[in-house]
C-alpha cells in the first residue's frame with residue numbers, strides 16, 4: 055500500500071535511490087570491465103577487484119537501506135509483541151543476530167512457565183501480534199512508517215502508446231530489502247571466491263584440457279578472466295533489477311536478462327561442446343517457460359490494463375489500483391460474481407472498479423487461472439521445476455562460482471521469488487498446480503541425487519529438490535515458509551557449491567566422487583564448512599529446546615516450516631495427503647544423499663591415490679568466503695519463525711495469508727497461521743526423525759561402510775538404471791519431441807525431393823526449351839531492329855559531331871544567340 | 015535632383031563602368047580589380063534599395079570572399095609574370111556583336127513593359143502593410159525569420175483566416191548542406207597532385 | 026538609409042540656411058571629416074605609443090625629444106618625413122594597381138568606422154546589420170594587400186601578399202564566429218543596441234554573460250590580432266624572411282597608408298571587442314552609469330540652437346572617452362604582445378587558425394547557443410521534447426503534423442514558450458507573437 | 075527612394091549582364107570566364123533586389139538574391155578547383171586548349 059505520508063514518501067525515495075545504486079553499480083562494473091578489459095592486460099586482477107567492489111558497494115547500499123528502513127519503522131518488524139525493546143543501535147547483520155538472540159532470551163523468560171515447547175505458547179502471541187499491529191498504526195500516526203508499507207513509484211517512463219504505459223517502476227517492501235541484502239552478500243562472497251577459483255584464466259595462453267583439437271592438441275586460447283567477472287556483474291545487475299522492478303513487464307525484461315547471463319556463463323567455456331549444449335539447453339528450456347510467461351503477460355494486459363504491482367499515481371494526482379489490489383482488495387479477498395463466475399476487480403478505495411460503460415470490470419475466472427499458470431510456467435522454466443528441470447544439472451558445465459550463483463542467489467531464486475511476489479494473483483487452482491509441481495520435482499530430483507556421482511550434480515539435484523520444497527510451500531499457502539527457505543537455502547547452497555568448488559580446485563578439476571575420499575585430512579576447512587552446509591540442508595537438530603529455541607542450523611527451521619504448512623494443508627484437505635507425505639519422505643532422502651556426498655568425499659580412506667596425493671587446501675581467498683558463508687548458513691535462521699529473518703519476510707506477506715483467507719473456488723482451503731502452528735511441533739518431530747534416519751543410513755552405507763552401496767544398487771538393477779538415467783527424462787523428451795520432429799522432417803525431406811524438386815526440375819527444363827526458341831527470335835528480329843536503330847543513330851551522331859568544337863566560348867555564344875532567337879520568336883508570335 | 019539620385023548616379027556609373035572595364039581589360043588581375051569596383055558599387059546600389067543585409071552579404075561574400083578566391087586562382091595558375099592571353103580580333107568582334115544584340119534586347123524589353131502596371135496589378139495578396147518592414151531599414155530580422163520559416167513581413171497585417179505564409183527553412187538547410195558538400199568537393203579537387211609534364215599530358219591525351 | 030545618418034541633428038541645424046538635401050550632404054561630409062581625423066590620429070598616436078612601449082619593454086626610453094616631453098610629436102615628424110619622400114614605382118610593377126592598392130587597404134579599414142558607435146548616440150550609420158557590415162568591410166582590407174603584393178612585380182611582395190591573403194581569409198572564419206557569440210546573447214546585430222544593453226553593472230558585460238562568451242573574448246582577441254597581421258602573426262611583412270613583405274617596393278606616403286590602415290584596423294577590432302564583450306561605453310559601475318548615461322541625458326539648460334540637448338552631448342562625450350580608453354587599452358595589449366612573443370612560422374599560423382581556433386570558436390558558438398537551454402532546464406522550465414516518453418512524441422507528431430486540423434496549436438519557441446491557439450484569436454495572437462519576434466531585445470534599454 | 079525609377083536599376087542590371095556575357099565569350103583565360111559568370115549572376119541579383127523594392131515581391135526577392143550569392147560563392151569555389159586541376163593538367167589556363175572531347 056502506498057501511503058501519501060511525507061515521511062513515508064521520503065523514506066521511499068531514499069530506499070529507491072539506495073537500491074537503485076546497488077542495482078546499477080554492477081552494471082557500471084560490467085560496462086567498464088567488458089570494454090576496458092578487452093584492451094587491458096590479461097594478467098590483471100583489476101576486473102575482479104572492480105567486480106567485487108561493485109557488488110560489495112551494492113551490498114553496502116542494500117544494508118544501509120535495510121538499516122534505514124528498520125530505523126524508520128523502529129524495528130517494529132522484529133517485535134512480535136509489546137515487550138520487545140526498541141533497538142536503534144543495530145549496525146550490521148551480526149548485530150542483528152545478536153539482537154535476535156537477545157529477543158529470544160527475553161522471549162524465553164517470558165514464556166518459561168508456559169511449558170518446555172515454545173510452539174504451544176504461540177497461541178496468545180497471535181493476539182499480541184494483532185494488538186501490536188494496532189499499536190503500529192498509532193506509531194504511524196506519530197510519524198513512524200508501518201513495517202508492512204510498500205514503497206513504489208516510477209523512475210522513468212520509457213514509452214507510452216495509448217493506454218500501454220511502459221515505465222521503469224520500483225516496488226520495495228521488506229522482501230525486496232531482504233532479497234537485496236541476501237543477493238549482494240552471497241554474490242560478494244562468490245565473487246571473492248571466484249578470484250581464487252578463476253585465477254587460472256589469468257594468462258595469455260590458457261590450455262583447455264577438455265577440448266581436443268583435430269590435430270590432437272588441446273585448445274590454447276587467451277585467458278578470459280575479465281570476461282568472467284563482467285558476466286558475473288551483469289548477472290548480479292539482472293537479478294537485482296528483477297527484484298527491484300515494480301511491474302511485471304519490467305520483471306520480464308530482467309527475467310530475460312538473467313536468462314541471457316546464465317547462457318553466457320554456463321557456456322563460458324564456449325569451446326567445449328558439452329558447455330555449448332548445456333548453455334543452449336538452459337536457454338531453450340527457459341524459452342519454453344517464457345512462452346507461458348508471455349501468454350500470462352498478454353492476459354494481464356488485456357484484462358487489467360496495467361503491469362504494475364502497486365498503485366500508480368498519475369499526473370493528476372489520481373491513484374490507480376495496481377494488479378494485486380485489483381484482484382485482492384485491501385482484505386485479501388477475491389470476489390467472484392455469483393452470476394457469471396467472473397472475478398470482480400477492486401478499485402483503489404475498496405469500491406468496485408468500473409469500465410467505460412459503468413459496468414463492473416471483471417475478468418473471467420478461467421483467464422485468471424491461465425494467466426497464473428502462464429506466469430508460473432515462467433517460474434517453472436527458471437526454477438527448473440518438473441517438467442523443465444533437466445537443464446539445471448547440465449548447467450554444471452559452467453565454472454563452479456557460476457553454479458553457486460545460479461543455484462543460490464540469482465537464476466533459480468528468480469522463479470521462486472516471482473512465484474512469491476505474484477502470490478496474490480494466483481487462484482487456489484493455480485496454487486494446487488504449483489504445489490503438485492513442487493511435490494513431483496522435489497521427489498524426482500532427490501531420488502536422482504542418490505545415485506549421482508558427480509559432486510556438482512548431486513548438489514544440482516539437491517537444488518532442484520529444494521526448489522520443489524519452496525514451490526510446494528507456496529502452493530500450499532505457506533508463503534512465508536517458502537521464501538524463508540529460499541533465503542536459508544541460498545546461504546547453505548552457495549556455501550556447499552563454493553565448498554565443492556574448493557574441492558574441485560584442490561583436486562585439480564576432479565569432480566567424480568568415487569575418486570575422492572578422506573579428503574578431510576587434506577582440506578579441513580573445506581570439509582568443515584561443507585559439513586555445516588550438509589547439516590543445514592539435511593535439517594538436523596538437537597531435539598532439546600534451549601532458551602526457547604531448538605539448537606539447529608538454518609535449514610531445519612525453514613524446512614520445518616514447510617513441512618508444518620504441508621501438514622496443516624493436508625489436514626484441511628485430506629485428499630491431498632501426498633503433499634505432506636512426499637516432502638516428509640524426501641526430507642529423509644535429502645539427509646541421506648547429502649551425507650552420502652560428505653562421507654564419499656571427505657571421510658574414510660582415499661579411493662584414488664593419485665587424486666589424494668595431489669589434493670591440497672585452497673588459498674585463503676577461497677576459504678574465507680567459505681567460513682563467512684558457513685556462519686550464515688548455520689545461523690541466519692536462528693530463532694526459526696520467531697527469528698529476525700522470518701519476521702522481516704513476513705512483513706511482506708500478502709494480506710490474508712495469515713488468516714488463511716486466500717481460499718477461493720475449487721473446494722481447497724488454505725491453512726491459516728494458527729492452523730499451521732497447531733501442527734508445527736508434530737511436523738517438526740516427524741521431519742527430524744526422518745532426517746536423522748536418512749543421515750544414519752548414509753553413515754551405514756558410506757561412512758562406516760557396513761553395507762556396500764554398489765551391491766545394493768546391483769540388487770535392484772532396473773531401479774538403479776532408472777535413477778542413473780535421471781528418470782529417463784532426457785530419453786522421454788527425446789521420444790516425445792525430438793524424434794517425432796525428426797520423423798516428420800524425414801517425411802518432408804522425401805516430399806521435397808520427390809514432389810517439389812521434381813516439379814521445379816520440370817519447370818526449369820521447360821523454361822530452358824522455351825528460352826532457346828526465344829533466343830533465336832531475339833537474335834534475329836529484336837537485335838536486328840536495335841542494331842538498325844543504333845547504326846542510324848551512329849550515323850546521325852557522326853555527322854553532327856563536328857558541332858562539338860570543344861571551344862567553351864563558342865558554346866556560350868551559341869547559348870546567347872539561342873536566347874536571342876527565342877526572344878525574337880516570342881516577339882513575332884506573341885507581340886503583346 | 016536629390017541626394018538619392020546623385021548617389022544612384024555615382025553607384026550606377028561605377029557599377030557599369032567597372033563591368034565594362036572588366037570586359038575590356040586583358041590582364042586578369044586588373045579584371046579582378048575592376049570586378050571589385052563593380053561589385054562593391056552594386057552593393058552600394060543594394061543599400062540604396064534598402065536591402066542592407068543583401069548589400070552587406072554582397073560585400074562579405076562576393077568582394078571579400080569570391081574575388082579573393084579569384085585572385086588566388088590567378089596567382090596559382092599564372093605561368094609567368096603579368097600574363098596575358100589575348101583574344102583574336104575576330105572573336106572580339108563576334109562577342110561585341112552578341113553583346114550589342116543582347117543589350118538592345120534588354121533595352122527593348124525594359125522600355126516596352128509598363129512597370130507601374132506590373133507593380134500595381136501583380137500583387138501576390140491583398141496587403142497594404144506588405145513592405146512596411148522594408149521601408150525602415152530593418153531587413154536583417156525579417157530575413158532571418160523568413161529563413162526560419164516565419165514570415166512576419168507578410169503575416170503581420172494579413173486578414174483574419176488567411177493561412178500563414180511559407181518561409182525558406184528547407185531551402186536554407188539545403189543550401190547549407192550544399193555549401194558543406196562544395197567545401198569538401200573543392201578541397202578534394204584542388205588538393206596537391208603530381209604535376210604532369212607537357213609531354214606526358216600530350217601522350218595521355220592522345 | 027538616408028534617414029539613419031546620425032548627422033540628422035546637424036542637418037536640422039543647417040536646415041534653415043540651405044536646402045534639406047544639401048544640408049544632409051554637408052552634414053555627411055562633416056561627419057566623414059571627423060571620422061577621417063579619428064582614423065589619421067589613431068595611426069599618429071599609436072605609432073608613438075608603439076615606439077614608447079617597445080622602448081620600455083626593451084629597457085630603452087623610446088623617442089624622448091621630438092616635441093618636447095615624451096617625444097609626443099614623433100609620429101608627426103615621421104609623417105612629414107614620409108610625405109617628403111619620393112614616390113617610387115618599380116619598372117616591373119603594374120603601375121595602375123600599384124598606385125591604387127594602398128588606397129584600397131585604407132578604404133577598407135576606414136569604412137569600418139562608419140558603423141562603429143563611439144557613444145550611445147554617436148555613430149555615423151546606425152544600421153541593424155551593423156556588425157555584419159563591419160566584418161564585411163573589414164574583409165576588404167586583404168584585397169589591397171594582395172593587389173599590392175601582386176602588382177609590385179617582386180617575389181618578396183608576391184609571397185607577402187599570398188601569405189596575407191591565406192592568413193586573413195582563414196582568420197576571418199573564427200573572427201566572424203567569435204563575433205557572433207555575444208550577438209547570440211544579445212539578439213541583435215545593431216552595435217548601438219549591443220552597447221546599450223551592457224550599460225550598468227559590469228555583470229551586464231557580455232564577457233561575463235556565460236562561460237562561452239568569456240572564453241570567446243580571448244579567442245576573438247587572438248584572432249583579431251592575427252587579422253590585423255600584428256606580431257606574432259605578421260607573416261606578411263616578416264622582415265627576416267621577406268624583406269618587407271607586401272610593402273617591400275613601396276615608399277613615401279603610399280607606404281605610410283598601409284600603416285595607417287594597420288593601426289586603424291587595430292583600433293577598429295579593439296573597438297569591436299570593447300563593444301561586444303567589454304561593455305562599450307559603460308563604466309561597469311551602476312552608480313556612475315546611472316547619473317551619466319541615464320539622468321544626464323534629459324538635462325537641457327536651453328543653451329545652443331533648438332533641438333540641441335547639452336546633457337545628452339556631455340553624456341555622449343564621456344561615453345566616447347570611456348570607449349576610447351577601453352579600446353586603447355586593448356591596442357596597448359596588442360602592442361605589448363607584439364614585443365613579447367616571437368613570430369610564428371607560416372604553417373604554424375595556419376595550423377593555429379584552422380586546427381585550433383576554428384574548432385574552438387565553433388565549440389564556443391555551439392555552447393553559447395545551448396547555454397539558454399541549459400539555464401532553462403536548470404530552472405526546471407519545460408524546454409525540449411527530451412523528457413517526454415517515446416509514445417507521447419509519436420502521438421504528438423501524429424496529431425500536430427499529420428492531422429493538424431484537429432488541434433491547430435502552433436508553438437513558437439522564442440524567448441520563453443508561448444502556446445497560442447491560432448484558431449481562436451488569430452489576429453491579435455499572431456500580431457503579438459510576430460511583433461515580439463520582430464523587436465525583442467533592442468527595447469530592453471538600460472538595466473542598471 | 076524617390077526620383078529613381080525601377081527602369082534605371084533594370085538597365086544597370088542589363089549592362090552588367092551584357093558585360094558578363096561579353097566576358098564569357100571573349101576571354102580565353104578561364105578565370106576571366108569565371109569573372110564573367112560572376113557579373114551575370116550579379117546582374118540577376120540587382121534585378122531581384124530592385125523588384126523586391128518596387129514590386130510586391132517583397133522580401134522574397136532579397137532572399138532569392140541571398141541564395142544566388144551563396145550559390146555563386148559555392149560555384150566559384152568549385153570552378154576554381156576545376157581551374158587549378160585544368161592548370162595542373164595543361165600547364166595553362168587557356169580554355170581553348172580544353173578541346174580533347176571535340177568531335
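Protein chains in written order, with our numbering: chain V, 55 to 886; chain H, 15 to 220; chain G, 26 to 473; chain P, 75 to 177. Note that beta-carbon positions come from the ideal geometry of N, C-alpha and C, so glycine has one too.
What's the gap between the Cα of residue i and the Cα of residue j?
i	j	result
residue 545 (chain V)	residue 500 (chain V)	19 Å
residue 389 (chain G)	residue 372 (chain V)	46 Å
residue 98 (chain V)	residue 272 (chain V)	24 Å
residue 360 (chain G)	residue 326 (chain G)	43 Å
Just curious, the beta strand (DSSP E) that residue i is in, first and last residue?
i	result
residue 647 (chain V)	Per DSSP, residue 647 (chain V) belongs to no beta strand (DSSP E); it is in the alpha helix (DSSP H), 632-656.
residue 297 (chain G)	Element bounds for residue 297 (chain G): not the beta strand (DSSP E) but the alpha helix (DSSP H), 277-301.
residue 264 (chain V)	260-266
residue 562 (chain V)	No beta strand (DSSP E) holds residue 562 (chain V); DSSP gives it neither H nor E.
Where does residue i sit, in a helix, a strand or coil, going by DSSP?
i	result
residue 351 (chain V)	helix
residue 402 (chain V)	coil
residue 287 (chain V)	helix
residue 212 (chain V)	strand
residue 416 (chain V)	strand
residue 408 (chain V)	strand
residue 301 (chain V)	strand
residue 374 (chain V)	strand
residue 692 (chain V)	coil
residue 197 (chain G)	helix
Please check if any C-beta of chain H sits within less than 7 Å of the C-beta of residue i.
i	result
residue 55 (chain V)	Note on residue 55 (chain V): pLDDT 41, under 50, position unreliable in the model; the coordinate value appears next. No, no contact with chain H.
residue 121 (chain P)	no
residue 102 (chain P)	yes
residue 290 (chain G)	no
What does residue i pair with, by DSSP beta-bridge criteria?
i	result
residue 68 (chain V)	DSSP output for residue 68 (chain V) lists no bridge partner at all.
residue 207 (chain V)	V:224
residue 218 (chain V)	V:215
With respect to the alpha helix (DSSP H) encompassing residue i, which residues constitute its N-terminal and C-terminal limits?
i	result
residue 245 (chain V)	228-251
residue 272 (chain V)	Taken as a continuous stretch (DSSP letters only), residue 272 (chain V) belongs to no alpha helix (DSSP H), being part of the beta strand (DSSP E) at 272-275.
With 7 Å as the threshold, decide whether the Cβ of residue i is near any Cβ in chain G.
i	result
residue 195 (chain H)	no
Can a CB atom of chain B be found closer than 7 Å to the CB of residue i?
i	result
residue 132 (chain H)	You won't find chain B in this structure, because its protein chains are V, H, G and P.
Using beta carbons (cut-off 7 Å, strictly below), is residue i in contact with chain P?
i	result
residue 866 (chain V)	yes
Does chain V have any CB closer than 7 Å to the CB of residue i?
i	result
residue 168 (chain P)	no
So does residue i have its beta carbon nearer than 6 Å to some heavy atom of the ligand ZN?
i	result
residue 122 (chain V)	What this structure holds is no ligand at all, so the ligand ZN is not there to describe.
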